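Working notes, structure below.
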Amino acid sequence: MFSTPSRRFGDRSSRLLGVVLPALFAFSSTGLPQDLDGDSIAVIERGTPTVDGWDIAEFPFKVITAPLYLLALGGEWAANAAQQAHLLPWAYYLNSELNQRSLYPTVASLGSGSGTGAALLIGIPGRPTSPWGYVRGGATFKGYWRITARAGYGLEAVAPGGAHAFGTHAFGWIEDRPEDEYYGIGNDSQEDDRSNYQLKRATVGATLGFAATRDIAITIDLDWSRSEAGPGKNPTLPSVDSIFGPVEIPGFGDLDRYLSFGGSAEWRNGYRGLLPGGRWLRLGLSWNESYSDGAADFAQIEAAAGADIPFDHERRSLTLALLYQTVRPSGAGEISFYRLPTLGGSSTLPAYRTGRFRDRDLILGRAEYSYRIWLNPTYTSALVASIFLYGGMVAEDLWDEFAFDQLWPSYGIALATRSTGGSGARLEFAGGKEGLRVNFTFLVGF
């Protein structure tokens, strides 16, 4: 999860009907089977588990995920009803006609915590061996919006194990996030100090990616960004400057400009499927040069390692992953609070709000066990249930402050749709020290 292979923004399997899980579920195939296969939560309705070891081990898990199974049945019913009413053929036809005219509508999210919204891509998405270019814009119900222009040759990014070895593109984008939330800096920040700020950012840059070997991909990035944080627009939350002092919110109210240069190297051995398998290592490094008074130059380092281990004919998988991030300032000045590594949200700690914890250093571990509930007849999409455990913390200096009892836990169950193209959606029920949260997120955003 922390080392996600690049996905085409124009992935068609997540378009138009992606507002809710049943609709996504329906869009992934033209017809659904009447009965789920034997590897199904439905075994809880068949009495005592068989002597099969996996049935016995998973029986408690299947019981607690029974509500998710009911949701899956609802998705099957919705898909069948849509098929019988000829809604799916109509939607496929409309989507195809729009795509032929270089229009790609999408229902997705701008990022974890940004809310769901609609976007439209106009142009030609990245193609393996030809020039391309597009403009894409979208907005979410929370008021977040982004407009992006990209042009390049080859795929937008090169992933290890991919069939194509080269891609380069130039880009520019502007966005406005009118009600981002802030809780303070540090591992012990208080949720009661939940406050509000607005972040406006414009970025231009270029990326070069190439596959050094089949298993190793390298990217080189250069970009210039202009960011400004000011009072938020959520009337139900106080602005950060009414709760925190200037020292606690570096960069608030200021305009910062950075020129960043860096790159990454990623090794991935394995394959990508509905339950992907393989191992990965990733190292990213960038230098950020400030062109604003009071803002520090800093280096940013990210290291990730993990493994996806499928078994039992690829119906089950175990994922183990570890992520480390740090920003290291050089000389005088401060790093703006919104540039610090953050924990919280569906991609890091699902039980806590997006950006709940932030500081200069971050560490996060993840373990997730998944099994396939349903597989569509064409083997291109599936419904997957998971049980997960995250643990992470932030610190000013992780090497001095790390302790296992300081890790913030996040655990729960999830139901997700997945496609071979990487798109889909995920519904999570996650618990932690601050209670229970329910998250609905798209696997591909805009």
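Read in our numbering, the sequence shown has 1674 at position 256, and its numbers run on one by one without any break.
All residues carry an ideal CB built from backbone N, CA and C; glycine is no exception.
Keep in mind that this is a model prediction, so the values were computed, not measured.
**OP:** Taking only the alpha-carbon atoms, compute the straight-line gap between Leu-1758 and Ala-1624 and give it to the nearest angstrom.
**Re:** 23 Å
**OP:** Would you mind stating whether Trp-1826 and Phe-1775 have Cβ atoms separated by less than 8 Å?
**Re:** yes
**OP:** Pick helix, strand or coil for Gln-1502, following the three-state DSSP scheme.
**Re:** helix
Original post:
DSSP state of Ala-1757, grouped into three classes?
Top reply: Sequence check: residue 1757 is Arg here, not Ala. Three-state DSSP puts Arg-1757 in a helix.
Subject >> Reference Arg-1734, options Asp-1672, Ile-1753, Glu-1786, closest by Cα >> reply: Glu-1786
Subject >> Contact set for Thr-1466: own chain, Cβ-Cβ below 8 Å, skip 5 residues either direction >> reply: Residue placement at Thr-1466 cannot be trusted, given a pLDDT of 38 that sits under 50; what the coordinates show is reported in the next sentence. Same-chain partners within the cutoff: there are none.
Original post:
Roughly how many angstroms lie between the CA atoms of Pro-1543 and Tyr-1510, to the nearest whole one?
Top reply: 19 Å
Original post:
Should Val-1665 be listed as close to the ligand NAP, given that the test is whether its C-beta is under 7 Å from any heavy atom?
Top reply: Annotation note on the ligand NAP: not contained in the displayed structure, which lists no ligands.
Subject >> Ala-1575 - partner residues in DSSP beta bridges >> reply: Per DSSP, none; premise fails for Ala-1575.
Original post:
Leu-1861 and Gly-1830: beta carbons closer than 8 Å?
Top reply: no
**OP:** Tell me whether Phe-1822 sits in a helix, a strand or coil according to DSSP, three-state version.
**Re:** helix
Subject >> Thr-1859 to Arg-1844 span [Cα, whole Å] >> reply: 5 Å
Original post:
Cβ atoms of Ser-1708 and Asn-1857: under 8 Å apart, would you say?
Top reply: no
Original post:
Rounded to whole angstroms, how far is the Cβ of Ser-1678 from the Cβ of Asn-1706, which I believe are closer than 8 Å?
Top reply: 5 Å
Subject >> Those residues which DSSP pairs with Ile-1636 across a bridge >> reply: Phe-1628, Ala-1683
Original post:
Around the C-beta of Gln-1932, are 16 or more other C-beta atoms found within 10 angstroms, so that it is buried, or is it exposed?
Top reply: Any question about residue 1932 goes unanswered here, given that the chain covers just 1419 to 1864.
Subject >> Three-way DSSP call (helix, strand, coil) for Gly-1849 in this model >> reply: strand
**OP:** With distances taken Cα to Cα, identify the nearest neighbour of Leu-1740 among Pro-1747, Pro-1728, Glu-1720.
**Re:** Glu-1720
Original post:
Who are the near neighbours of Gly-1555 in its chain, counting only those whose CB is closer than 8 Å to its CB and skipping five residues on each side?
Top reply: Ala-1537, Leu-1538, Trp-1563, Arg-1564, Ile-1565, Thr-1566
**OP:** Round the Cβ separation of Arg-1686 and Ala-1722 to the nearest angstrom and send it over; I've been treating them as touching at under 8 Å.
**Re:** With 8 Å as the limit, Arg-1686 and Ala-1722 do not qualify as a contact, their Cβ atoms being about 11 Å apart.
Original post:
Which residue spans inside the region 1535-1608 form an unbroken beta strand (DSSP E) run of at least 3?
Top reply: 1549-1558, 1563-1572, 1584-1600
**OP:** Take the Cβ of Gly-1665 as the centre, count every other Cβ of all protein chains shown within 10 Å, and call the residue buried at 16 or more, exposed below.
**Re:** The sequence as given places Val at residue 1665; Gly does not occur at that position. That one is exposed.
Subject >> Asp-1818, buried or exposed, once every other Cβ within 10 Å from all chains shown has been counted against 16 >> reply: exposed
**OP:** Would you identify the three-state DSSP class for Leu-1767, choosing helix, strand or coil?
**Re:** strand
**OP:** Take the Cβ of Leu-1767 as the centre, count every other Cβ of all protein chains shown within 10 Å, and call the residue buried at 16 or more, exposed below.
**Re:** buried
Subject >> Alpha-carbon spacing of Pro-1668 relative to Val-1812, whole angstroms >> reply: 17 Å
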